[in-house]
Amino acid sequence: MKKKKSRLNKRTGFILYFLMPAILLYLIIYAYPLINIFFTSFCEWNSKNFVAPRFLGWDHVFDNYRKIFTVDANFQRALINSIKWVILTMLIQIPWSVLVALVLSKRERGWRMTRNAFVIPNIISTAAIGLIFLNLYSPARGIVTEICNKIVPGSNVSVLANEKWAFWGVTFSFVLFGGSSCLLLMTQIFSIDPGIYEAAKVDGASSLQIDTRITLPLLRPMIGTVSVIAANYGLLLYNEIALISGGGPDNSTYSLSFYIYKTALGSQKLNFARANTAGVIQIFLGILLVGCINRLFHTKDGE
Amino acid sequence: MKNKVFSSILALAMTVSFVSAAGQTVLAADDGGDGLPSVTFTHGYYHDESEWAPAAEMRKIYQEFADMHKDEFTFNIVADQGGAEGIYNTALNDLSSGDFYDIADFGGWDITEAAAGAGAIMDLKPYLDADDDLKAGVGVCYDQNMTADGKIYSVREQVEGVGFWYNEALFKEAGAETPDMWKSWADFDAAVDKLVAAGISPFSMNAGWPTNILAAGYSQRDEASREFYAKGREIESFDDETFRQTTGFMQKNVLEKIDAAHFGPGGDDDNQYMLDFTSGDSAMLFNGVWAAGDFTDCEAGIENLKPALFPTDDGKKAGLLSGGCGYVVSDKLSDEQKEICVEFIKYMTSPEIAGRIVENGIGMVPSTAVDYEAAAGTVESPAGKLLVEACRTLNTADIKALGWGNNFGGDVEGEYQNKYAGLKDGSKSVDDVIKELDQALEAAQ
Numbered sequence: 001m002k003k004k005k006s007r008l009n010k011r012t013g014f015i016l017y018f019l020m021p022a023i024l025l026y027l028i029i030y031a032y033p034l035i036n037i038f039f040t041s042f043c044e045w046n047s048k049n050f051v052a053p054r055f056l057g058w059d060h061v062f063d064n065y066r067k068i069f070t071v072d073a074n075f076q077r078a079l080i081n082s083i084k085w086v087i088l089t090m091l092i093q094i095p096w097s098v099l100v101a102l103v104l105s106k107r108e109r110g111w112r113m114t115r116n117a118f119v120i121p122n123i124i125s126t127a128a129i130g131l132i133f134l135n136l137y138s139p140a141r142g143i144v145t146e147i148c149n150k151i152v153p154g155s156n157v158s159v160l161a162n163e164k165w166a167f168w169g170v171t172f173s174f175v176l177f178g179g180s181s182c183l184l185l186m187t188q189i190f191s192i193d194p195g196i197y198e199a200a201k202v203d204g205a206s207s208l209q210i211d212t213r214i215t216l217p218l219l220r221p222m223i224g225t226v227s228v229i230a231a232n233y234g235l236l237l238y239n240e241i242a243l244i245s246g247g248g249p250d251n252s253t254y255s256l257s258f259y260i261y262k263t264a265l266g267s268q269k270l271n272f273a274r275a276n277t278a279g280v281i282q283i284f285l286g287i288l289l290v291g292c293i294n295r296l297f298h299t300k301d302g303e
Numbered sequence: 001m002k003n004k005v006f007s008s009i010l011a012l013a014m015t016v017s018f019v020s021a022a023g024q025t026v027l028a029a030d031d032g033g034d035g036l037p038s039v040t041f042t043h044g045y046y047h048d049e050s051e052w053a054p055a056a057e058m059r060k061i062y063q064e065f066a067d068m069h070k071d072e073f074t075f076n077i078v079a080d081q082g083g084a085e086g087i088y089n090t091a092l093n094d095l096s097s098g099d100f101y102d103i104a105d106f107g108g109w110d111i112t113e114a115a116a117g118a119g120a121i122m123d124l125k126p127y128l129d130a131d132d133d134l135k136a137g138v139g140v141c142y143d144q145n146m147t148a149d150g151k152i153y154s155v156r157e158q159v160e161g162v163g164f165w166y167n168e169a170l171f172k173e174a175g176a177e178t179p180d181m182w183k184s185w186a187d188f189d190a191a192v193d194k195l196v197a198a199g200i201s202p203f204s205m206n207a208g209w210p211t212n213i214l215a216a217g218y219s220q221r222d223e224a225s226r227e228f229y230a231k232g233r234e235i236e237s238f239d240d241e242t243f244r245q246t247t248g249f250m251q252k253n254v255l256e257k258i259d260a261a262h263f264g265p266g267g268d269d270d271n272q273y274m275l276d277f278t279s280g281d282s283a284m285l286f287n288g289v290w291a292a293g294d295f296t297d298c299e300a301g302i303e304n305l306k307p308a309l310f311p312t313d314d315g316k317k318a319g320l321l322s323g324g325c326g327y328v329v330s331d332k333l334s335d336e337q338k339e340i341c342v343e344f345i346k347y348m349t350s351p352e353i354a355g356r357i358v359e360n361g362i363g364m365v366p367s368t369a370v371d372y373e374a375a376a377g378t379v380e381s382p383a384g385k386l387l388v389e390a391c392r393t394l395n396t397a398d399i400k401a402l403g404w405g406n407n408f409g410g411d412v413e414g415e416y417q418n419k420y421a422g423l424k425d426g427s428k429s430v431d432d433v434i435k436e437l438d439q440a441l442e443a444a445q
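Chains as they are written, first to last, in the UniProt record's numbering: chain A, 1 to 303; chain B, 1 to 445.
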């Protein structure tokens with residue numbers, strides 16, 4: 001018995017020895033920055049004390065949190081926008097990707113070409129996509145203004161100069177591009193046992209019934225996975241905003257990520273403490289989001 | 001055996017290259033290896049001559065200084081491929097680890113507050129006070145860059161000189177009085193109305209830079225407005241009658257006078273307002289003197305384009321001159337090295353170099369010693385002549401105010417320009433703008 005225990009300890013030590021580099025990397029790359037972000041959110045840290053963050057003191061410990069929720073209109077707008085983008089991604093991108101995956105999985109003529117066409121926007125850099133949309137929305141040379149002028153002569157719509165339209169302008173630059181999600185979903189569909197489909201067909205099930213009663217339920221864990229990926233994309237949105245709207249007009253297209261950048265490095269005040277406060281809230285939102293989606297799709301159970 | 005020999009040779013080669021590289025590093029950091037004191041200067045003029053000719057001229061100017069003093073000290077010159085923004089970002093990282101450039105040109109990116117807070121940069125004021133030539137060379141930078149506690153951490157060899165440009169042919173076509181004849185802002189309004197009536201867009205704007213320029217220009221209209229504007233970063237509230245009038249003017253007399261096609265979203269990529277002017281599609285351009293460089297062979301015809309100053313309602317003429325952050329020197333250097341840096345700044349702001357900067361169409365200089373009349377005679381290119389003319393015109397301004405961003409700070413500038421789109425489409429009133437700006441001021445504290 002003693003011999004067995006000692007062998008087990010040896011084995012555990014051996015495994016730990018090999019895990020050590022990964023643990024160290026995790027601590028340095030993930031854990032340390034996270035702890036740093038968390039603690040500095042309770043500090044004063046800006047251009048005046050750039051090299052030495054100062055603890056706010058126990059009487060004012062939540063000052064940064066209080067300020068961003070009470071007086072910082074840019075943060076409040078960024079928070080609302082980010083939540084809206086998460087919801088829109090879940091409501092538009094995921095159903096759209098599932099629908100395309102279901103259609104393509106029928107392997108009708110030209111399905112490969114359609115699949116490739118659907119995936120192309122996801123392999124183009126977001127920088128290029130941003131520039132494409134910037135040109136589409138340009139009031140001087142963009143096609144959107146031209147189409148609007150054809151429908152309503154003299155309307156001269158300038159998408160990025162109007163607070164309400166600019167939000168949708170940014171949204172449509174990413175929300176329909178579900179190529180990666182579609183690929184994952186198709187892989188899952190193709191891995192379903194063909195015998196199940198054959199049995200359903202023998203029983204006289206229609207194509208719609210097969211999709212709704214067999215494919216979709218079996219696809220549920222993967223829908224959960226792509227939902228987590230897509231919702232996180234919506235929550236962390238930055239590139240499209242930086243390239244297309246620059247957060248404007250009137251900061252109406254701020255996201256949490258964009259707010260963090262602008263507050264820390266995009267401002268002469270270099271307010272790292274407040275940016276990190278927003279970072280902490282973004283992390284908690286992300287955890288909450290993953291938890292909710294997992295619960296919704298039971299992806300933890302691997303159903 | 002073969003493998004062993006190969007491994008030994010490889011190991012030897014690596015050791016030799018490591019030792020020689022380390023030696024080189026030590027050499028560069030120390031003193032150039034010749035016993036002379038050494039200073040490294042970093043700048044953002046990295047562009048190839050074919051891409052941007054002024055960059056090559058600036059590098060030449062720097063090199064001439066290094067060559068001139070090669071027997072006294074080693075002056076290393078490094079071009080940062082990231083430009084002034086790259087230098088700023090590197091400086092932020094360096095500050096965190098307690099380092100700073102020996103001397104760098106920050107090209108308008110203001111590092112001084114963070115660097116001074118960290119005790120990393122030297123106060124140039126004692127040197128400026130001790131040398132009248134140096135003080136004359138830095139011109140407006142002396143007052144503009146002085147901090148509340150009386151220190152000057154940065155000076156520049158160039159200033160952002162801003163008035164506006166107009167297309168004389170379009171004004172004549174519309175039968176409007178040209179800006180050189182304007183006596184007040186009522187003349188501006190009358191000219192704009194005539195241009196609009198003639199189907200000519202009076203100007204092309206965006207939610208940013210050009211609109212800020214006009215707002216700053218209009219803010220110099222009378223004593224009360226100038227007084228409020230001069231408070232700059234000390235302003236505690238925008239709820240002021242003169243500011244209310246400025247914003248009302250921007251809404252009714254400027255933004256509502258142009259269609260959506262002549263109003264862009266702003267941002268670094270939004271240069272449509274420039275293209276509209278150079279193509280002859282708009283009659284006025286609110287931009288700095290350096291815009292002359294884009295007028296060569298333009299569709300509007302360079303001969304039709306003229307520089308102008310802003311009118312005021314009390315018979316004066318106004319221009320915007322902003323120094324901003326330029327040369328910043330590390331406080332960790334030895335006294336000898338600091339002297340070298342000051343010598344370099346003195347060289348860069350000397351009348352001779354200032355003249356070259358103007359004549360080569362690089363920009364406007366703060367130096368009060370430049371003879372623009374003489375410079376006009378030596379310049380040959382039409383764009384260069386126009387630049388000299390624009391600098392000369394700005395120099396004659398009765399009122400020389402800071403630009404919007406330098407006056408109120410980048411954050412307030414950003415917040416204000418965010419409101420232009422709402423003011424234009426009527427979704428925001430002047431009161432809304434003032435309320436939101438005050439909220440932003442409160443949030444920034």
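We put the beta carbon where it would ideally sit given N, CA and C, even for glycine.
DSSP places valine 342 of chain B within a helical segment (H, G or I) once states are collapsed to three. Counting only unbroken stretches of 4 or more residues, the alpha helix (DSSP H) elements lying wholly within the region 178-264 of chain B are 185-197, 209-218, 223-230, 241-249, in sequence order. Contact check for serine 158 of chain A against glycine 130 of chain A fails: the beta carbons are separated by 8 Å or more. Membership of isoleucine 83 of chain A in the alpha helix (DSSP H) is indicated by the continuous run 73-88. Cβ contact annotation for valine 329 of chain B (same chain, cutoff 6 Å, sequence separation greater than five): Ile103, Met122, Cys341, in chain order. Listed in chain order, the beta strand (DSSP E) runs fully inside the region 291-362 of chain B are 305-308, 317-322, 327-329, counting runs of at least 3 residues. Per DSSP, the unbroken alpha helix (DSSP H) holding leucine 256 of chain A starts and ends at 256-264. When only Cα atoms are considered, glycine 208 of chain B and alanine 120 of chain B end up about 33 Å apart.
Cβ proximity to chain B below 9 Å picks out Leu131, Leu134, Tyr137, Ser138, Pro139, Ala140, Arg141, Thr145 from the region 123-151 of chain A. With respect to the 8 Å criterion, isoleucine 94 of chain A and isoleucine 223 of chain A are classified as neighbours on the basis of their beta carbons. Here leucine 27 of chain A is exposed, its C-beta having fewer than 16 other C-beta atoms within 10 Å. Under the DSSP assignment, aspartate 105 of chain B falls in the beta strand (DSSP E) whose first and last residues are 103-105. For the 8 Å CB-CB criterion, leucine 34 of chain A and tryptophan 96 of chain A do not form a contact. Taking all protein chains in view, the Cβ of leucine 402 of chain B is crowded by 16 or more other Cβ atoms within 10 Å, so the residue is classified as buried.
With 16 or more other Cβ atoms inside 10 Å of its own Cβ, lysine 428 of chain B counts as buried. For the region 236-252 of chain A, the beta-carbon criterion of a distance under 8 Å to any beta-carbon of chain B is satisfied by Ser245, Gly246, Gly248, Pro249, Asp250, Asn251. Contact with chain A is found for phenylalanine 263 of chain B, since one of that chain's Cβ atoms lies less than 8 Å from the residue's Cβ.
Methionine 364 of chain B carries a strand assignment under DSSP once its states are collapsed to helix, strand and coil. The bridge partners DSSP lists for glutamate 160 of chain B are B:Ser322.
Valine 103 of chain A has a beta carbon lying at 8 Å or more from every beta carbon in chain B.
Per DSSP, the beta-bridge partners of glutamate 44 of chain A are A:Arg54. For lysine 164 of chain A, the number of other beta carbons within 10 angstroms of its own is below 16, and it is reported as exposed.
Under the Cβ distance rule, serine 96 of chain B counts among the residues neighbouring chain A, one pair being separated by less than 8 Å. Counting other Cβ atoms within 10 Å of its Cβ, histidine 60 of chain A stays below 16 and is therefore classed as exposed.
Interface annotation, phenylalanine 50 of chain A: in contact with chain B, CB-CB separation under 8 Å. Interface annotation, asparagine 36 of chain A: not in contact with chain B, CB-CB separation never under 8 Å. Pairing leucine 99 of chain A with arginine 115 of chain A gives a Cβ-Cβ distance that is not under 8 Å. For serine 255 of chain A, not one C-beta of chain B is nearer than 8 Å to its own C-beta.
Assignment of alanine 401 of chain B by DSSP, reduced to helix, strand and coil, places it in the strand class. Among the residues of the region 405-434 of chain B, those with a Cβ less than 9 Å away from any Cβ of chain A are Gly409, Gly410, Asp411, Gly414, Glu415, Gln417, Asn418, Lys419, Tyr420, Ala421, Gly422, Lys424, Asp425, Ser427, Lys428, in the order of the chain. In the DSSP assignment, threonine 396 of chain B falls outside any beta strand (DSSP E), carrying neither H nor E. In summary, tryptophan 165 of chain B is buried, with 16 or more beta-carbon neighbours lying within 10 Å of its beta-carbon over all protein chains present.
Using a CB distance below 7 Å, the part of the region 103-132 of chain B facing chain A consists of Asp110, Glu113, Ala114, Gly117, Ala118, ordered along the chain. For valine 119 of chain A, the uninterrupted alpha helix (DSSP H) segment begins and ends at 111-123. For chain B, the residues of the region 258-273 of chain A that bring a beta carbon within less than 7 Å of one of its beta carbons are Ser267, Gln268, Lys269, Leu270, in chain order.
Inside the region 118-193 of chain A, DSSP marks whole alpha helix (DSSP H) runs of 4 or more residues at positions 126-137, 143-151, 163-171, 179-190, from first to last along the chain.
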